[in-house]
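Residue numbers (the working numbering): -11 to 157.
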């Protein structure tokens, strides 16, 4: 994913620990299946970031959602325990592939934009938060190299889809 971000004009930083300062100075914040719960204060910092125009792309599947649950609940989002599994590109409305997809559940359809469906289940959704945008990808593996590009293989549709998410306002 780092090459994909650099190709799109971003300098990626990998954070092992949450950094409020680094978040405030970034254009996007990408989270891939966190292993530890975010503290209440960290969630509030992310909320302020969103309200002030930040873009958060959160990629997580049902099996790894425990550490993301408080964050997702804050925004009325959840994942359904209905494994869609490996979804080939011809089974989604955006012609992108998923490694391990799960349906997204949401409380209020009014503020949700379904960005991608697999077998008529929403698997990528967007929600406006203040001036910013939260994008939830219901697949812990979607943003990993094996689903975007590696030395000997690439998935052009997925690369272009990620690019469209990075430029979404």
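Yeah, the Cβ is synthetic: ideal placement off N, Cα and C, and Gly gets one too.
Annotation: the segment 27 to 87 contains the following complete segments of the alpha helix (DSSP H) (minimum length 4 residues), in chain order: 28 to 39 and 57 to 62.
DSSP places residue 15 outside both helix and strand once states are collapsed to three, so it counts as coil.
For residue 133, the enclosing alpha helix (DSSP H) begins and ends at 133 to 136. Rounded to whole angstroms, the Cβ separation of residue -4 and residue 154 is 5 Å, and the two are in contact under 8 Å. Straight through space, the alpha carbons of residue 141 and residue 65 are spaced by roughly 33 Å. Annotation for residue 121: no alpha helix (DSSP H) segment contains it, though the beta strand (DSSP E) segment containing it runs 120 to 125.
A direct Cα-Cα distance of roughly 15 Å separates residue 147 from residue 47.
Taking 9 Å as the cut-off, the beta carbon of residue 129 is found no closer than this to the beta carbon of residue 59. The three-state secondary structure of residue 128, taken from DSSP, is coil. With respect to residue 42, residue 31 sits apart: the two C-beta atoms are not nearer than 9 Å. Burial check for residue 126: the Cβ neighbour count within 10 Å reaches 16 or more, so the residue is buried.
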